[in-house]
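Novice: Note that the protein sequences, when read in sequence, are chains A and B.
Sequence positions in the first sequence follow this note's numbering and run 8 to 239.
Sequence positions in the second sequence follow this note's numbering and run -14 to 285.
Where a beta carbon is used, it is the ideal one built from N, C-alpha and C, also for glycine.
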Amino acid sequence: MDWHAVATALFGSDHAIVADGDFLCGTATFDGAAVAIVGTTNHAAVGVDLALRQARAVLATVADSPGRPLLLLVDTQGQKLRRRDELLGIHRAMAHLGCCLDLARRNGHPVIGLVYDQALSGGFITSGLMADACHALPAAEIRVMRVPAMARVTKLPEELLESLSRTNPVFAPGVANYVAMGGVRSLWEGDLAAGLRAALADRDTADRRALEGAARGGRRVAADVIRRVLEA
Amino acid sequence: MNGASFAELSARERLAALVDAGTFEEWLPPSARVTSPHLAQLGVPAAFDDGVAIGRAALAGRPVFIAAQEGEFMGGGVGEVHGAKLVGLLRRALRDRPAAVLLLAESGGVRLHEANAGLIAVSEVMRALLDVRAAGIATVMLIGGANGCFGGMGIVARCADTVVMSDIARHAMSGPEVIESAQGAGEFDARDRALVWRTTGGKHRWLTGDCDALVEDDPAAFRAAAVAALAVHRSMTLAALQRESALLQWRTELAGEGADAFALWTRLGVADARAVPDLDADAVRARRPAAVTPLANGAA
Chain A
8 MDWHAVATAL FGSDHAIVAD GDFLCGTATF DGAAVAIVGT TNHAAVGVDL
58 ALRQARAVLA TVADSPGRPL LLLVDTQGQK LRRRDELLGI HRAMAHLGCC
108 LDLARRNGHP VIGLVYDQAL SGGFITSGLM ADACHALPAA EIRVMRVPAM
158 ARVTKLPEEL LESLSRTNPV FAPGVANYVA MGGVRSLWEG DLAAGLRAAL
208 ADRDTADRRA LEGAARGGRR VAADVIRRVL EA
Chain B
-14 MNGASFAELS ARERLAALVD AGTFEEWLPP SARVTSPHLA QLGVPAAFDD
36 GVAIGRAALA GRPVFIAAQE GEFMGGGVGE VHGAKLVGLL RRALRDRPAA
86 VLLLAESGGV RLHEANAGLI AVSEVMRALL DVRAAGIATV MLIGGANGCF
136 GGMGIVARCA DTVVMSDIAR HAMSGPEVIE SAQGAGEFDA RDRALVWRTT
186 GGKHRWLTGD CDALVEDDPA AFRAAAVAAL AVHRSMTLAA LQRESALLQW
236 RTELAGEGAD AFALWTRLGV ADARAVPDLD ADAVRARRPA AVTPLANGAA
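Pasting the structure below:
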């Protein structure tokens, strides 16, 4: 879904979200209260510059608008694959973005992630996955890597991975599998505003993804292993 | 084990060499056979510890929790069980309050064989680590394995209070092979080892301020750096993160569009940048420009 359509569905036409290149930023009013929006578009490749822009926008919200909810609009093809970004410490810039979102959560800002188009690995891990909870549109795509590339790196047959990716939530792209594994709390279907309203009302900020993954059957052992370490 | 190469040790050997002799007590050891439920269907052998050892130990007499990733098993990749062991260790630290949590990080990031579960697991590790750091427990990453620290674990590592690297270690996001296959050898020639190391290696990370201690590839040097890191707590206040933003922004603008390490070091104020690759860790330590250190920027 186009970000304009998402914004209009959530906030009507009267919002102040703007795209500057691949960077989305602005504010909107939802149920009478201001919401800050930070995100990316055009299937952005997130490099140092885009990570830092998002971080600054998050810090500005924490500095200037205490408690204001943050909505992260996620559309990324993953991390930028350039030598300059590695040289300049893309891992540090992304860690910084994650730390800024963590600060916002600790300072009482509700932080909601929404994958509205696609989310791949590196661009996702320090945005939507650092929210209190991440949600997705049903048509969104979430994955770590495409199957042919995965086959190349793992040296496993592409046919095997293709067939597993149709049946096994651990391999398969698609938001339903991320819901089953607890990585995505819910899909916003139909009435997007109802989805955001419910997300904002859920103020349990503990990380319960492993428990949800176990309860939903998509990630069966993680929660048990965590429990066993605590009891060892 | 003085004189041995830290990089050539196994994860458990590194762990034993780092902490006070004989103090490591492992949780979910290989005898518990907590293995990945996902590898068998791929015909890939499992490991009885899923590639990571976790437990408690003493370091200079202080109680610490510690984990070591084994790069020889799936490149240290984080799968469902591997990640859950790290999350369990960190949540237990939050409950039991050791002096520090140390991670001997060696990982290619998300284990692609369990891709989706690994991605979520890395994110859980990151959240749990930041909880531990926010609680005032020292968090220390020690990067000295031959495989380096990449991908999601590269991000997680930089979320710690202290990152220690050896001069032969690498810390980055995407491996050079991945960038070369996406953009061509003109962008990043993965076979050019000198280029790879000056772009992602320990000396570069030290000179640019991306790591907090640079040591020789030696177990005793890592141990000494780990002991020093027990006392290091970097606050995560709004002001501290604003300074980090400003520092990274300044550095990025200084680099311009360039991707050359020598040019960047020179612009940062490193004297005789071309000589750096041939210097030992001691000599490189002395050359770090004050402007990139967290203390100079008040972030400590």
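State the DSSP-derived secondary structure class of Met8 of chain B, mapped to helix, strand or coil.
Specialist: Reading the sequence as shown, one finds Thr at residue 8 of chain B and not Met. Here Thr8 of chain B sits in coil by DSSP.
Novice: Residues of chain D with CB under 9 Å from Phe173 of chain B, in chain order?
Specialist: The displayed structure is made up of protein chains A and B, and chain D is not among them.
Novice: Going by beta-carbon coordinates alone, are Leu127 of chain A and Leu80 of chain A separated by less than 7 Å?
Specialist: It is not a contact, given that the beta carbons lie outside the stated cut-off.
Novice: Cβ of Arg216 of chain A within 6 Å of any heavy atom in the ligand SAM?
Specialist: No copy of the ligand SAM appears in this structure; indeed no ligand is present at all.
Novice: Pairs of beta-carbons, one from the stretch 174 to 183 of chain A and one from the stretch 94 to 112 of chain A, closer than 8 Å: are there three or more?
Specialist: These segments do not touch.
Novice: Note the first and the last residue of the continuous beta strand (DSSP E) segment covering Val95 of chain B.
Specialist: Run containing Val95 of chain B: none; DSSP gives neither H nor E here.
Novice: Compare the C-beta of Arg(-3) of chain B against all C-beta atoms of chain A and say whether one is closer than 7 Å.
Specialist: Output row for Arg(-3) of chain B: interface = no.
Novice: Against Ala229 of chain A, what residues of chain B qualify as contacts under a CB-to-CB distance less than 9 Å, listed in chain order?
Specialist: What Ala229 of chain A touches in chain B: Glu65, Val66, Gly68, Ala69, Val72, Ala102, Ile105, Ala106 and Glu109.
Novice: So, is Gly283 of chain B buried or exposed, given that buried needs 16 or more other C-beta atoms within 10 angstroms?
Specialist: For Gly283 of chain B, the predicted structure reports a pLDDT of 39, less than 50, and the residue's modelled location is therefore unreliable. The matter cannot be settled from this model.
Novice: Touch check for the stretch 16 to 26 of chain B and the stretch 81 to 100 of chain B: three-plus C-beta pairs under 8 Å?
Specialist: The stretch 16 to 26 of chain B, when compared against the stretch 81 to 100 of chain B, does touch it at the 8 Å Cβ threshold.
Novice: Do you know how far the Cα of Leu88 of chain B is from the Cα of Ile140 of chain B?
Specialist: Whole-angstrom Cα-Cα distance: 13 Å.
Novice: Grab me the residues of Ala23 of chain A's own chain with a C-beta within less than 7 Å of its C-beta, minus the 5 sequence neighbours each way, in chain order.
Specialist: Excluding residues within five positions, the ones whose Cβ falls inside 7 Å are Gly33, Thr34 and Ala35.
Novice: Would you decide whether Arg143 of chain B is buried or exposed? Buried here means 16 or more other CB atoms lie within 10 Å of its CB.
Specialist: The residue is buried, with at least 16 neighbouring Cβ atoms inside 10 Å.
Novice: Using only the alpha-carbon positions, how far apart do Arg76 of chain B and Ala248 of chain B sit?
Specialist: Spanning the two alpha carbons is a distance of roughly 43 Å.
Novice: For the putative contact between Ser72 of chain A and His142 of chain A, defined by C-beta atoms under 8 Å, what is the C-beta separation to the nearest angstrom?
Specialist: At roughly 22 Å, the Cβ-Cβ gap does not stay under 8 Å, so Ser72 of chain A and His142 of chain A are not in contact.
Novice: Rounding to the nearest angstrom, what Cα-Cα distance links Lys162 of chain A and Leu180 of chain B in this structure?
Specialist: For Lys162 of chain A and Leu180 of chain B, the distance between alpha carbons rounds to 26 Å.
Novice: Going by the CB atoms, is the gap between Ile105 of chain B and Lys70 of chain B shorter than 7 Å?
Specialist: Cβ atoms of Lys70 of chain B and Ile105 of chain B: not closer than 7 Å.
Novice: Please check if any C-beta of chain A sits within less than 7 Å of the C-beta of Leu286 of chain B.
Specialist: Here chain B has residues from -14 to 285 only, and residue 286 of chain B is not among them.
Novice: Am I right that Arg99 of chain A and Leu233 of chain B are in contact with their C-beta atoms under 8 Å? What's the rounded C-beta distance?
Specialist: The Cβ separation is near 7 Å, so the contact holds.
Novice: For the stretch 229 to 244 of chain B, which residues have a CB atom closer than 8 Å to at least one CB atom of chain A, in sequence order?
Specialist: Flagged, chain order: Glu229, Ser230, Leu233, Gln234, Arg236, Thr237, Ala240, Glu242, Gly243 and Ala244.
Novice: For the alpha helix (DSSP H) containing Ser134 of chain A, name the first residue and the last one.
Specialist: That residue, Ser134 of chain A, is in no alpha helix (DSSP H); it is neither H nor E in DSSP.
Novice: If you measure between the beta carbons of Gln54 of chain B and Ala90 of chain B, is that distance less than 7 Å?
Specialist: For Gln54 of chain B and Ala90 of chain B, yes; Cβs fall inside 7 Å.
Novice: Return no unless some Cβ of chain A is closer than 7 Å to the Cβ of Gly137 of chain B.
Specialist: Yes, Gly137 of chain B lies at the interface with chain A (some Cβ there is under 7 Å from its Cβ).
Novice: Mind checking Arg176 of chain B: buried by the 16 CB within 10 Å criterion, or exposed?
Specialist: Counting Cβ neighbours within 10 Å, Arg176 of chain B comes out exposed, since fewer than 16 surround it.
Novice: Is Arg75 of chain A close to chain B, meaning its C-beta is less than 7 Å from at least one C-beta of that chain?
Specialist: Not closer than 7 Å to any Cβ of chain B, the Cβ of Arg75 of chain A fails to qualify, so no.
Novice: Measuring only the C-alpha atoms, how far is Arg234 of chain A from Gly129 of chain A?
Specialist: The alpha-carbon atoms of Arg234 of chain A and Gly129 of chain A are separated by roughly 28 Å.
Novice: In whole angstroms, give me the CA-to-CA distance for Leu88 of chain A and Ala229 of chain A.
Specialist: If I take the Cα positions, the gap works out to 31 Å.
Novice: Whole angstroms is fine: what's the gap from Ala285 of chain B's alpha carbon to Arg219 of chain B's?
Specialist: At Ala285 of chain B the pLDDT is 37, less than 50, meaning the model places this residue with poor confidence; the figure from the coordinates comes in the next sentence. Rounded to the nearest angstrom, the two C-alpha atoms are 5 Å apart.
Novice: Closer than 7 Å, Cβ to any Cβ of chain B: which residues of the stretch 47 to 77 of chain A, in chain order?
Specialist: Per Cβ criterion, the list reads Val55, Asp56, Leu59, Ala62, Arg63, Leu66, Val69 and Ala70.
Novice: Interface residues of chain B around Thr161 of chain A at Cβ under 7 Å?
Specialist: Near Thr161 of chain A (Cβ distances below 7 Å), the residues of chain B are Leu97 and His98.
Novice: For a quick check, are the C-beta atoms of Gly286 of chain B and Gly93 of chain B less than 7 Å apart?
Specialist: Given a span of -14 to 285 for chain B in the structure shown, any question on residue 286 of chain B remains unanswerable.
Novice: Please list the terminal residues of the continuous beta strand (DSSP E) segment that includes Ala35 of chain A.
Specialist: From DSSP, the beta strand (DSSP E) with Ala35 of chain A extends over Phe30 to Phe37.
Novice: For Gly115 of chain A, go through chain B and note every residue whose CB falls closer than 8 Å to its CB, in chain order.
Specialist: Per Cβ cutoff of 8 Å: no residues; Gly115 of chain A is ~13 Å from chain B at best.
Novice: Considering Thr124 of chain B, what are the terminal residues of the beta strand (DSSP E) in which it resides?
Specialist: Start and end: Ala123 to Ile128.
Novice: Is any beta-carbon of chain B found at less than 7 Å from that of Ile119 of chain A?
Specialist: Cβ-Cβ to chain B under 7 Å: no for Ile119 of chain A.
Novice: Are any of the Cβ atoms in chain B nearer than 7 Å to that of Arg226 of chain A?
Specialist: Output row for Arg226 of chain A: interface = yes.
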